[in-house]
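Novice:
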Amino acid sequence: MITECHPCNISGCSWWSEVQMGPPDPILGVSEAYKRDTNPKKINLGVGAYRDDQGKPYVLSCVRKAEAQIAAKKLDKEYLAIGGLGDFTKACAKLALGDDNEVIKSGRNITVQTISGTGSLRIGANFLSRFHTEARDVYLPKPSWGNHTPIFRDAGMQLKAYTYYDPKTCGFDFQGALNDISKIPEKSVIMLHACAHNPTGVDPRPEQWKEIADLVKKRNLLVFFDMAYQGFASGDIDRDAWAVRYFIEQGHNIVLSQSFAKNMGLYGERVGGFTVVCKDAEEAKRVESQLKILIRPIYSNPPMNGARIAATILNTPDLYKEWLGEVHGMANRIITMRELLVANLKKEGSTRNWKHVIDQIGMFCFTGLKPEQVERLTKEFSIYMTKDGRISMAGVTSGNVGYLAQGIHAVTK
Amino acid sequence: IMSLFGEVPQATPVAVFKLSNDFKEDANPKKVNLGVGAYRTDEGQPWVLPVVKKVEKIIVADNSLNHEYLAILGLPEFRSSASKIALGEDSPAIQENRVGAVQCLGGTGALKMGAEFLRRWYNGNDNTKTPVYVSAPTWENHNAVFANAGFEDVRPYKYWDAEKRGLDLDGFLGDLESAPKHSIFVLHACAHNPTGTDPTHVEWMQVAEVMKRRKLFVFFDSAYQGFASGCLDKDAWAVRYFVTQGFEMFCAQSFSKNFGLYNERVGNLTIVARDSDNLKRVLSQMEKIVRVTWSNPPSQGARLVAITLNTPELFAEWKDNVKTMADRVLLMRASLQAKLQALETPGTWDHITQQIGMFSFTGLNPKQVEYMIKERSIYLMASGRINMCGLTTKNIDYVAESIHETVVNVQ
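Sequence lines, in order, name chains A and B.
Take the first sequence: its position 186, counted from the start at 1, is 186 in full-length UniProt numbering, and no numbers get skipped.
Take the second sequence: its position 245, counted from the start at 1, is 245 in full-length UniProt numbering, and no numbers get skipped.
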């Protein structure tokens with residue numbers, strides 16, 4: 001409460017005197033520090049944005065073509081519906097669930113366009129907070145994307161965790177995960193990364209996914225899939241969506257967040273989708289009406305540009321084919337960099353086991369580096385990454401992989 | 001399996017969008033849509049501003065541009081130029097480095113960010129009990145924005161006098177006097193939605209005096225700058241006056257209407273703080289709120305606006321485009337009023353030309369509105385609000401006749 005000895009709107013005094021300085025965002029803060037660094041050898045392995053082998057942002061060719069097509073159509077700029085562009089949302093659902101998916105055919109999904117992955121997670125969190133009143137807990141894998149926690153918390157959910165990453169192997173702690181999941185109270189929400197787990201790059205194998213699906217069903221948990229890297233993990237759209245589709249097949253009515261930031265390089269256009277798989281089409285209609293009620297007081301309706309580009313690509317056979325090739329290319333470059341990094345580390349004389357660098361998948365690699373080692377890498381080598389030892393493989397190039405290996409070897413030998 | 005969502009009720013649709021839907025499905029060739037607030041040409045078509053088309057070509061041709069993430073708070077050159085539009089190039093507050101901004105998703109997004117910040121940091125920490133006052137009537141989404149940000153007490157302040165069809169100044173000032181200290185007031189910078197009725201300069205000064213004395217928080221909603229009078233500076237008079245009076249305040253700006261960029265979601269929350277130190281801390285907390293809502297804003301629309309505002313010839317062309325839209329609206333107002341007078345439609349119709357901006361509160365009651373829709377296929381809001389942009393030289397006679405018939409036959 002503002003007390004009377006705190007006069008405001010009088011010269012010299014402010015409403016905001018008690019507002020604390022907010023801490024810099026741990027992930028985005030890395031890029032900002034990188035920008036300030038004047039070392040010509042600096043490397044940015046912070047935020048997960050794809051870079052080509054010259055270290056440059058990559059605008060996909062299918063995106064440029066789609067943009068040209070759209071420009072030629074001379075469309076207007078009228079507001080989209082609250083749930084977004086229909087051509088986009090339909091294609092978005094098909095991409096995730098598969099063309100012939102029974103869910104789509106029966107109309108029992110509702111898919112809305114969202115402000116990329118973050119916006120999707122936020123709408124999902126708000127929806128669960130308002131309507132999933134039997135349980136307030138969301139179980140995240142340990143670790144998870146840093147922004148998951150504040151998003152769900154801000155939406156009024158409680159955060160818990162289940163074992164996921166095994167620091168001893170830099171791999172998946174399957175037994176640990178099953179143990180923890182078996183204890184999760186019924187009806188709780190469990191967050192699963194569909195593929196290319198962020199930040200570890202560690203994904204369950206199909207047999208492991210099957211067991212998890214079984215256990216989750218036994219525990220009667222609500223599954224929230226976060227799929228930000230479809231196509232980016234293995235290079236294959238269908239393979240990367242396998243877990244999502246398997247769970248649905250097994251009868252889980254999931255909720256799903258999708259992002260097109262990485263797989264279409266549409267980062268700043270903010271293209272995403274949020275899907276609720278419902279019991280039937282009638283329920284989907286009810287859920288849709290409530291999603292609209294949630295969206296309207298946040299931003300009214302979503303931005304057109306990126307959704308239009310994505311829809312054009314997904315719905316035009318030539319462009320779709322070209323896109324699949326480009327996604328495959330991006331994924332391949334990353335896989336190649338993983339191999340090169342390990343090869344260079346060996347060349348440097350490192351005797352540590354770096355197998356996990358190749359086993360992990362997607363944009364990120366959990367190197368296993370400790371915070372002190374990360375700090376040294378940044379201070380002494382101008383190599384920027386998040387404190388947890390996560391590196392964005394997309395920032396690695398054939399030009400800098402040698403220097404990177406040097407640095408990593410120096411701080412770990 | 002029992003569904004987790006078995007108990008989710010069907011929500012009622014948002015009225016203004018339902019109206020558009022019903023209009024779409026109406027087969028009457030004479031139908032007129034005076035519902036949702038978007039500009040239309042005299043051919044009844046959406047209008048992509050010529051300057052926007054020009055800038056889009058510039059963007060397409062610029063190979064140095066890509067689709068990378070913007071910063072959390074948005075495109076810097078957009079934020080600063082947008083704030084300049086609201087506060088004026090030579091605003092002392094800008095010169096004193098105490099003006100900042102957050103690029104947001106449209107005007108709605110700017111209101112949302114402001115509301116979320118205020119709930120967390122204004123009048124204590126997480127004080128959800130601070131009253132938020134919105135005008136009676138107001139844009140229907142205002143209530144939901146503040147309620148969803150956590151405010152428990154969103155109340156109306158007297159504004160529209162239905163009997164005299166004008167501003168209820170005494171009621172407005174009275175509510176300002178009796179509001180609990182530190183209450184938040186959402187003020188329409190110009191072209192009040194839905195009434196089209198703005199306070200005069202003198203009336204604004206009276207409002208400001210009470211707000212300063214009673215330590216009320218100023219939150220401007222500026223969705224129609226340029227659109228009301230055709231002149232950017234004129235339409236920003238109230239916002240700028242409050243700045244000269246030393247208020248720390250928020251101004252939610254939308255570029256949906258004045259740039260015709262509706263679906264690109266271009267908005268800006270301008271923050272005027274006491275000094276740069278306070279501003280810095282405020283912006284750092286805004287970042288945290290942005291990060292858990294949309295992470296960073298969409299780039300296309302902001303780029304477009306930034307290029308336009310920062311390039312003199314394009315800026316001039318934009319102002320011209322804005323004037324074109326405002327002038328057409330003024331023409332339709334004058335025409336409608338003249339026709340109703342010529343028809344000798346019962347009642348007074350001066351309010352049509354006295355009101356300003358996109359909307360007019362006709363004074364038609366719900367029964368009359370229903371008649372207009374059902375019998376004449378003329379779609380307007382239950383409140384009697386019409387979008388002047390829906391009028392054209394081709395349909396204005398039909399609309400005038402319809403209003404006449406409705407007023408005569410339906411009470």
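By construction, the Cβ of each residue, glycine as well, lies at the ideal position given by its N, Cα and C atoms.
What you are looking at is a predicted structure, and each value in this text was computed from that prediction instead of being measured.
Using a C-beta to C-beta distance shorter than 7 Å, which residues of chain C count as neighbours of Q285 (chain B)?
Specialist: The structure shown contains no chain C; its protein chains are A and B.
Novice: Taking just the CA atoms, how far does T169 (chain A) sit from N353 (chain A)?
Specialist: As a working mapping, residue 353 (chain A) is identified with position 353 in the first sequence. As a working mapping, residue 169 (chain A) is identified with position 169 in the first sequence. Each residue's alpha carbon lies about 9 Å from the other.
Novice: If we require 3 or more residues per run, which beta strand (DSSP E) segments fall completely within the stretch 103 to 165 of chain B?
Specialist: The qualifying runs are 132 to 136, 154 to 158.
Novice: Look up N258 (chain B) in the DSSP assignment and say whether it is helix, strand or coil.
Specialist: For the purposes of this step, residue 258 (chain B) is taken as residue 258 along the second sequence, with counting starting at 1. Reduced to three states, the DSSP call for N258 (chain B) is coil.
Novice: Looking only at C-alpha atoms, which of B:L70, B:Y379, B:L232 sits nearest to R303 (chain B)?
Specialist: Here the question's residue 303 (chain B) lines up with position 303 in the second sequence. Minimum Cα distance to R303 (chain B) is reached at B:L70.
Novice: Please list the partners that Y241 (chain B) has in chain A, where partner means a Cβ-to-Cβ separation under 9 Å.
Specialist: Here the question's residue 241 (chain B) lines up with position 241 in the second sequence. Within 9 Å Cβ-Cβ: nothing; Y241 (chain B) doesn't reach chain A, min ~14 Å.
Novice: By DSSP, does G273 (chain A) sit in helix, in strand, or in coil?
Specialist: Working through the first sequence from its first residue, we reach residue 273 (chain A) at position 273. Reduced to three states, the DSSP call for G273 (chain A) is strand.
Novice: Out of curiosity, what's the CA-to-CA distance linking A273 (chain B) and S284 (chain B)?
Specialist: Translated into the one-based positions of the second sequence, residue 273 (chain B) becomes position 273. Translated into the one-based positions of the second sequence, residue 284 (chain B) becomes position 284. The straight-line gap from Cα to Cα measures roughly 13 Å.
Novice: Who are the near neighbours of G268 (chain A) in its chain, counting only those whose CB is closer than 6 Å to its CB and skipping five residues on each side?
Specialist: For the purposes of this step, residue 268 (chain A) is taken as the residue at position 268 of the first sequence. For G268 (chain A), where only same-chain residues beyond five positions count, there are no Cβ hits under 6 Å.
Novice: Taking contact to mean at least 3 C-beta pairs separated by less than 8 Å, is the stretch 306 to 320 of chain A in contact with the stretch 155 to 169 of chain A?
Specialist: Touching, no.
Novice: Output yes if chain B places a C-beta closer than 8 Å to the C-beta of Y34 (chain A); else output no.
Specialist: Counted from its first residue, the first sequence places residue 34 (chain A) at position 34. Cβ-Cβ to chain B under 8 Å: no for Y34 (chain A).
Novice: What's the C-alpha gap between D320 (chain B) and C104 (chain B)?
Specialist: What you label residue 320 (chain B) is simply residue 320 of the second sequence in a count that begins at 1. What you label residue 104 (chain B) is simply residue 104 of the second sequence in a count that begins at 1. D320 (chain B) and C104 (chain B): Cα-Cα distance of roughly 25 Å.
Novice: Would you check if the stretch 233 to 250 of chain B and the stretch 51 to 63 of chain A touch, i.e. whether three or more CB-CB distances between them fall below 8 Å?
Specialist: Taking 8 Å as the limit for Cβ pairs, the verdict is that the stretch 233 to 250 of chain B does not touch the stretch 51 to 63 of chain A.
Novice: Taking the alpha-carbon of G329 (chain A) as reference, which of A:L192, A:G265, A:C195, A:K41 has the nearest alpha-carbon?
Specialist: Here residue 329 (chain A) corresponds to residue number 329 of the first sequence, with the count starting at 1. Nearest option by C-alpha distance: A:G265.
Novice: According to a CB-to-CB cut-off of less than 7 Å, which residues of the stretch 59 to 78 of chain B neighbour chain A?
Specialist: The stretch 59 to 78 of chain B vs chain A, Cβ under 7 Å: V60, N66, H67, E68, Y69, L70, I72.
Novice: Answer with yes or no whether the minimum CB distance from R281 (chain B) to chain A is below 8 Å.
Specialist: One-based indexing of the second sequence puts residue 281 (chain B) at position 281. It does; some Cβ of chain A falls within 8 Å.
Novice: Please confirm whether G55 (chain A) has its beta-carbon closer than 8 Å to some beta-carbon of chain B.
Specialist: Walking along the first sequence from the start, residue 55 (chain A) turns up at place 55. Output row for G55 (chain A): interface = no.
Novice: Label Q230 (chain A) either buried or exposed according to how many other C-beta atoms from any shown protein chain fall within 10 Å of its C-beta, with 16 as the threshold for buried.
Specialist: Within the first sequence, residue 230 (chain A) is the residue found at index 230, counting from 1. Under this definition Q230 (chain A) is a buried residue.
Novice: Can you pull out the residues from the stretch 249 to 269 of chain B whose beta carbon lies closer than 7 Å to at least one beta carbon of chain A?
Specialist: Going along the stretch 249 to 269 of chain B in chain order, one finds G260, L261, Y262, N263, E264, R265 with a Cβ nearer than 7 Å to chain A.
Novice: Taking only beta-carbon atoms, is D154 (chain A) less than 8 Å away from chain B?
Specialist: Residue 154 (chain A) sits at position 154 when you count from the first residue of the first sequence. At least one chain B Cβ lies under 8 Å of D154 (chain A).
Novice: If you measure beta-carbon to beta-carbon, which residues of the stretch 289 to 301 of chain B are closer than 9 Å to chain A?
Specialist: Those would be I289, R291, V292, T293, W294, S295, N296, P297, P298, S299, Q300, G301, in chain order.
Novice: Closest Cβ-Cβ distance between residue 417 (chain A) and chain B: below 8 Å?
Specialist: No information on residue 417 (chain A) is available, as it lies outside the stretch 1 to 413 that chain A covers here.
Novice: Taking Cβ to Cβ, would you say F364 (chain A) is nearer than 8 Å to M393 (chain A)?
Specialist: Counted from its first residue, the first sequence places residue 364 (chain A) at position 364. Counted from its first residue, the first sequence places residue 393 (chain A) at position 393. Contact flag set, yes.
Novice: In its own chain, which residues sit with a C-beta less than 7 Å from the C-beta of Y39 (chain B), not counting the 5 before and 5 after it?
Specialist: For the purposes of this step, residue 39 (chain B) is taken as residue 39 along the second sequence, with counting starting at 1. The answer, listed in chain order, is W47, K257, G260, M325, C389.
Novice: Please state the DSSP three-state secondary structure of P76 (chain B).
Specialist: Here residue 76 (chain B) corresponds to residue number 76 of the second sequence, with the count starting at 1. In the structure shown, P76 (chain B) sits in a helix (DSSP, three-state: H, G or I).
Novice: Evaluate the contact criterion for the stretch 25 to 45 of chain A versus the stretch 25 to 45 of chain B: three or more CB pairs, one atom per stretch, below 8 Å.
Specialist: Segments in contact, no.
Novice: To which residues of the same chain is V223 (chain A) closer than 7 Å at the C-beta, ignoring the five residues directly before and after it?
Specialist: The count along the first sequence starts at 1 and reaches residue 223 (chain A) at position 223. Counting only Cβ-Cβ distances below 7 Å, and skipping sequence neighbours, we find I190, L192, V216, F247, H252, I254.
Novice: Quick one: residues in its chain with C-beta nearer than 6 Å to the C-beta of V276 (chain A), no 5 flanking neighbours on either side, listed in chain order?
Specialist: Walking along the first sequence from the start, residue 276 (chain A) turns up at place 276. Excluding residues within five positions, the ones whose Cβ falls inside 6 Å are I110, V255, V287.
Novice: Consult DSSP for D318 (chain A) and reduce its assignment to one of helix, strand or coil.
Specialist: As a first step, residue 318 (chain A) is located in the first sequence; it is residue number 318 there, counting from the start. Helix.
Novice: On the DSSP letters alone, give me the boundaries of the alpha helix (DSSP H) that I82 (chain A) sits inside.
Specialist: Along the first sequence, read from residue 1 onward, the residue named residue 82 (chain A) stands at position 82. Here I82 (chain A) belongs to no alpha helix (DSSP H), and DSSP marks it neither H nor E.
Novice: Output yes or no for whether 8 Å exceeds the beta carbon distance between T197 (chain B) and Q355 (chain B).
Specialist: By one-based count along the second sequence, residue 197 (chain B) stands at place 197. By one-based count along the second sequence, residue 355 (chain B) stands at place 355. Yes.
Novice: Report yes or no: is there a C-beta of chain B within less than 8 Å of the C-beta of E348 (chain A)?
Specialist: In the first sequence, the residue the question calls residue 348 (chain A) occupies position 348. Not an interface residue.
Novice: Tell me which same chain residues have a C-beta within less than 7 Å of the C-beta of I358 (chain A), skipping the five on either side of it?
Specialist: Residue mapping note: residue 358 (chain A) aligns to position 358 of the first sequence, counting from 1. Cβ within range, chain order: R338, E339, V342.
Novice: Going along chain B, which residues have a C-beta under 9 Å from Y299 (chain A)?
Specialist: Looking up residue 299 (chain A) in the first sequence gives position 299. In chain order: C104, L105, G106, T108, G109, K112, R265, G267, T293, W294.
Novice: At the 8 Å Cβ level, is V374 (chain A) part of the contact set with chain B, yes or no?
Specialist: One-based indexing of the first sequence puts residue 374 (chain A) at position 374. So no, V374 (chain A) is outside the interface.
Novice: Which chain B residues are close to A72 (chain A), counting only those with a beta carbon under 8 Å from its beta carbon?
Specialist: By one-based count along the first sequence, residue 72 (chain A) stands at place 72. Per Cβ cutoff of 8 Å: no residues; A72 (chain A) is ~11 Å from chain B at best.
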